[in-house]
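A.B. asks: Protein sequences appear in the order of chains A and B.
Quick note on this note's numbering: the first sequence kicks off at 1 and runs consecutively.
Quick note on this note's numbering: the second sequence kicks off at 1 and runs consecutively.
The beta carbon of each residue, even a glycine, is placed where N, CA and C say it ideally should be.
2 protein chains.
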Amino acid sequence: MTAMAWDTERTKGLLLKAATSEFCARGLAGARIDRIATEAGVNKERIYQYFGNKNALFDAVIVAALSSLMDEVPIEGNGPEAMADYAGRLFDHHQKDATAPRLLFWEGLERGTEVVGLPRRMANCASKVNSTIAALPGVSREDAGDLLITIVSLCDAAPVLPALDGLMAGNDPGRAQRRRAAVVRTVYLAAAALAAEASNADSTLIT
Amino acid sequence: MTAMAWDTERTKGLLLKAATSEFCARGLAGARIDRIATEAGVNKERIYQYFGNKNALFDAVIVAALSSLMDEVPIEGNGPEAMADYAGRLFDHHQKDATAPRLLFWEGLERGTEVVGLPRRMANCASKVNSTIAALPGVSREDAGDLLITIVSLCDAAPVLPALDGLMAGNDPGRAQRRRAAVVRTVYLAAAALAAEASNADSTLIT
DNA sequence: AAGAATTACAACCATCCAGTTGGAAACTGG
DNA sequence: CCAGTTTCCAACTGGATGGTTGTAATTCTT
Chain A
1 MTAMAWDTER TKGLLLKAAT SEFCARGLAG ARIDRIATEA GVNKERIYQY FGNKNALFDA
61 VIVAALSSLM DEVPIEGNGP EAMADYAGRL FDHHQKDATA PRLLFWEGLE RGTEVVGLPR
121 RMANCASKVN STIAALPGVS REDAGDLLIT IVSLCDAAPV LPALDGLMAG NDPGRAQRRR
181 AAVVRTVYLA AAALAAEASN ADSTLIT
Chain B
1 MTAMAWDTER TKGLLLKAAT SEFCARGLAG ARIDRIATEA GVNKERIYQY FGNKNALFDA
61 VIVAALSSLM DEVPIEGNGP EAMADYAGRL FDHHQKDATA PRLLFWEGLE RGTEVVGLPR
121 RMANCASKVN STIAALPGVS REDAGDLLIT IVSLCDAAPV LPALDGLMAG NDPGRAQRRR
181 AAVVRTVYLA AAALAAEASN ADSTLIT
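1. Identify, in the order they occur along the chain, each residue of the same chain with its Cβ nearer than 6 Å to the Cβ of A:ALA19, setting aside the five sequence neighbours on each side.
2. Only counting runs of 4 or more residues, tell me where the alpha helix (DSSP H) segments fall wholly within the segment 24-103 of chain B, in order along the chain.
3. Quick one: which chain A residues come within Cβ less than 9 Å of B:GLU72?
4. Select from B:GLY117, B:LEU28, B:ASP92 the residue whose C-alpha is nearest the C-alpha of B:ALA64.
5. Let me check understanding here. Comparing Cα to Cα, which of B:ALA126, B:SER153, B:VAL152, B:LEU154 lies closest to B:ARG141?
6. Among the residues of its own chain, which have a CB less than 6 Å from the CB of A:ALA195, if the five just before and after it don't count?
7. Taking only the alpha-carbon atoms, compute the straight-line gap between A:SER199 and B:LYS12 and give it to the nearest angstrom.
8. At the 9 Å Cβ level, is A:ARG121 part of the contact set with chain B, yes or no?
9. Taking 8 Å as the cut-off, is the C-beta of A:GLU197 nearer than that to any heavy atom in the ligand ZN?
10. Please confirm whether A:ILE33 has its beta-carbon closer than 9 Å to some beta-carbon of chain B.
11. Along the segment 136-154 of chain A, what residues have a CB closer than 7 Å to any CB found in chain B?
12. So, helix, strand or coil for A:ASP146, using DSSP?
13. Taking Cβ positions only, does B:ALA3 come closer than 9 Å to chain A?
14. If we count Cβ pairs, one from each stretch, closer than 8 Å, do we get three or more for the segment 163-172 of chain B versus the segment 159-169 of chain A?
15. For B:ARG120, is the classification buried or exposed, using 16 other Cβ atoms within 10 angstroms of its Cβ as the cut-off for buried?
16. Step through the CB atoms of chain A and report whether any lies within less than 9 Å of the CB of B:LEU69.
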């Protein structure tokens, strides 16, 4: 047999993938190192060599998952419609794969204010805020951030609270599409209000 | 000393209070039975006598915390303003004490669709939906539920994601008040849109 | 090709932890 | 005041779990 070269990147990748799935399902406290290693088909000692410990592995998963999301769902276009469209695509993304929202809330609950990978994530957030300002010229930085928080709250909470949806509004087929429409409309309204406010402020200045 | 009678209700209460705090802070997987017992000043064996096991204790905490919230923050008044006001009061409540939102998200993450105390909670939700319909005459049951989900998402996500707020919009003093205003306004817009739609549908029928 | 360095892994370890137990203390009915 | 019941607790248990280690296999260096 051709002695295959060590493919440490592949091993790391397998580990990270398995860890993402385990942490997504069970969180930091509920995840089991042995399960991650087994699912990855890798000896668990590798985790300690490559990532350090359970916490650091969680960090790596969080940073990888949340920043890849940034590229996958960009803000495109202009006007309140662009923000509504962004919300719709974010909603769809999370519905197809709830990894990001779940990890986000696990992190919020288990880590509190302690954020890992700060520089990269600050840059990601700033980039989204900038895109929002570009789409809604004249809105303040803080209002743009607020709108984004609104969007994330609306799109990310649902996949994490499946029960709430069932309790509040039945489980009809087509339920997800209705919820999507509600989110998109709400975001449109909020964005339009901000845009209107911004152009008012403008005209006030001009007058 | 007067030999005090066994006060099992007090013991149960101490246990439930300590458990609420522990589960709120660390979730089901992260909570420690020993810590709960110590904090309550009660022997941990009592937990198994009174509540059965860790899972059942978690259930008891969830049901107690989430249904007491229902009474503490009612929907009052009429029109979109009433829903906006409700959102504002819910926001304030959660800001003062993040127990309910945290427990809600812990449950969503750790339990998935499996809901405990179903009858009582269905009743609670139905009651909120009814109040919403009363406040916004003509809206459908599903739209009312949708609006409530929107409100809960907006009010409950923030206390669980303190980091997101910091990343998206700085940590100015007065930040919380600005966020509150944004939530209230967004809910007002969403509720007003539903109300307008409902009266449109009405006039369509009349015409 | 010898030796150094790296990767892999099975077995191991110390601790933690949910849940149990056996019996002491406090109450109750008679 | 005595027998029976309930509340309480310190000590225990058995399995799980995060992390380590000794060693073999593989690759790199010269």
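C.D. replies: According to the structure shown:
1. ILE36, LEU57, VAL61
2. 33-40, 45-50, 54-72, 79-96
3. By Cβ distance, chain A contributes nothing, its closest Cβ being about 18 Å from B:GLU72, past 9 Å.
4. B:GLY117
5. B:ALA126
6. PRO80, LEU136
7. 58 Å
8. yes
9. With respect to the ligand ZN, the structure shown offers nothing to examine, as it has no ligands at all.
10. no
11. GLU142, GLY145, ASP146, LEU148, ILE149, THR150, VAL152, SER153, LEU154
12. helix
13. For B:ALA3, the predicted model reports a pLDDT of 42, less than 50, meaning its position is unreliable and no value from the coordinates is stated.
14. no
15. exposed
16. no
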